[in-house]
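Undergrad: Questions regarding the structure given below will be posed in turn.
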């Protein structure tokens, strides 16, 4: 009996029977007893997902995947990456200046808070582990009771690890992103916040709202980036990949295919086509043509024979001078 991980579903299955083929694995699970076909990782379609000209992530799938499922998975990863990015930009503020102030106190000076007789009740409850260090927030969004250096390091190390999981550099490293990787990044961030703030964050803190999926992005730039699942479209080769079909209806049965697909919000029209050559290839071509042009200039200078028309290069000049044949002009005067 062995355990087997389904790369498309990301679930661990207990397998007690299996038969392998050239590019697939037939398995029977211990729990359900049903047979299923699992395509091997080396024999999967690789999608390079972009939005506009921005490269986002790689994703593995199979040709018989319904496009509804594919769009759902890609949208979950896309929006999950945005959530991790928002958290990774907000947690350093938590590490530097403590928890968020109530909305009615944000942006006010100390004199205004005293004059209005406002009080932060959550500031007395949400104390970081190991005590706090006062670091005033000049913007006035957080209370300034920051975690100590040890707890701050816990938060910042976790932010670095989560950022690496969803980084665009994963494309260059040929690492495919999965929904499980997004969940792992979110779990790491949630765990670090719980270690530093075991009593939890304030209900109005944007970090807690993100972790509880209660964030309100209306009126922000981040809201323009999020794409709802029912508004998501996938484009390949200037064609929209329609729901109700399978991936094989567009690319055939070859599992070893690599595609560049673009994610787009419904109603925005077709995205721009991929350039014929990349920016790096264009730079290399420009450098090649420049070097070739400089070489041709040097060769032209080396082959220049205009000096033969000069007086000093005329072998008959001395002879004509003795014969008095210099400065002879023909024609009427």
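Residue numbers (my numbering): 854 to 1186.
Built from N, CA and C at the ideal position, the CB exists for glycine as well.
Since the model is a prediction, treat every value here as computed from it, not as a measurement.
Helix, strand or coil, according to DSSP, for residue 914 in the structure here?
TA: Three-state DSSP puts residue 914 in a strand.
Undergrad: Scan the region 911-995 and note each continuous alpha helix (DSSP H) run of 4 residues or more that stays entirely inside, going in chain order.
TA: The qualifying runs are 920-950 and 963-969.
Undergrad: For residue 1012, which three-state DSSP category applies?
TA: In the structure shown, residue 1012 sits in a helix (DSSP, three-state: H, G or I).
Undergrad: Buried or exposed: which applies to residue 1000, given that a residue is buried once 16 or more other Cβ atoms fall within 10 Å of its Cβ?
TA: Counting Cβ neighbours within 10 Å, residue 1000 comes out buried, since at least 16 surround it.
Undergrad: The ligand PLP and residue 949: does the residue's C-beta get closer than 6 angstroms to at least one heavy atom of that ligand?
TA: As far as ligands go, the structure on display features none, and thus does not contain the ligand PLP.
Undergrad: Can you tell me whether DSSP reads residue 999 as helix, strand or coil?
TA: Three-state DSSP puts residue 999 in a strand.
Undergrad: Does the Cβ-Cβ distance between residue 1115 and residue 1084 come in under 7 angstroms?
TA: Against a cut-off of 7 angstroms, the Cβ pair of residue 1084 and residue 1115 comes out as no contact.
Undergrad: Is it the case that the Cβ atoms of residue 950 and residue 988 are separated by a distance below 7 angstroms?
TA: Yes. Within cutoff.
Undergrad: CA-CA distance, residue 1113 and residue 1045?
TA: If I take the Cα positions, the gap works out to 36 angstroms.
Undergrad: With C-beta atoms as the reference, is residue 1111 less than 7 angstroms away from residue 899?
TA: Going by C-beta atoms, residue 1111 is nearer than 7 angstroms to residue 899.
Undergrad: If we ignore side chains and look at the alpha-carbon of each, how far apart do residue 908 and residue 969 end up?
TA: In a straight line, the C-alpha of residue 908 is about 49 angstroms away from that of residue 969.
Undergrad: Please list the terminal residues of the continuous alpha helix (DSSP H) segment that includes residue 1064.
TA: Element bounds for residue 1064: 1059-1064.
Undergrad: Could you check where the beta strand (DSSP E) with residue 1043 kicks off and where it finishes?
TA: From DSSP, residue 1043 is part of no beta strand (DSSP E) but of the alpha helix (DSSP H) over 1032-1049.
Undergrad: Buried or exposed for residue 1117, going by 16 or more other Cβ atoms inside 10 Å?
TA: Burial call: buried.
Undergrad: Would the region 1010-1023 and the region 1033-1043 be scored as touching if the rule is three or more Cβ pairs under 8 angstroms?
TA: Segments in contact, yes.
Undergrad: How many angstroms separate the CA atom of residue 996 from the CA atom of residue 1026?
TA: Cα to Cα, the separation comes out at about 41 angstroms.
Undergrad: Alpha carbon to alpha carbon, how far is residue 1070 from residue 1002?
TA: So the two alpha carbons sit approximately 31 angstroms from each other.
Undergrad: Just to confirm, are residue 981 and residue 1050 a CB contact at a threshold of 7 angstroms?
TA: Their beta carbons are under 7 angstroms apart, which means residue 981 touches residue 1050 by this criterion.
Undergrad: What number of angstroms, rounded off, separates the C-alpha of residue 1122 from the C-alpha of residue 1099?
TA: The alpha-carbon atoms of residue 1122 and residue 1099 are separated by roughly 22 angstroms.
Undergrad: Below 8 angstroms on the Cβ atoms is my contact criterion, and I expect residue 1054 with residue 952 to pass it. Report the Cβ-Cβ distance as a whole number of Å.
TA: Their Cβ separation, rounded to whole angstroms, is 6 angstroms, which keeps residue 1054 and residue 952 in contact under 8 angstroms.
Undergrad: Taking its Cβ as the centre, do 16 or more other Cβ atoms sit within 10 Å of residue 1175, making it buried, or is it exposed?
TA: Per the 10 Å Cβ criterion, exposed.
Undergrad: Under DSSP, the beta strand (DSSP E) around residue 904 begins and ends at which residues?
TA: Segment 898-904, the beta strand (DSSP E) holding residue 904.
Undergrad: With residue 1104 as the anchor, note down where its alpha helix (DSSP H) starts and where it stops.
TA: Segment 1101-1104, the alpha helix (DSSP H) holding residue 1104.
Undergrad: Verify whether the separation of the beta carbon atoms of residue 935 and residue 1063 is less than 7 angstroms.
TA: No. Outside cutoff.
Undergrad: Measuring CB atoms only, is the region 1090-1104 touching the region 914-932, in the sense that at least three cross pairs come out at less than 8 angstroms?
TA: Output reads yes: the region 914-932 touches the region 1090-1104.
Undergrad: How big is the Cα-Cα spacing for residue 1066 and residue 986?
TA: Whole-angstrom Cα-Cα distance: 29 angstroms.
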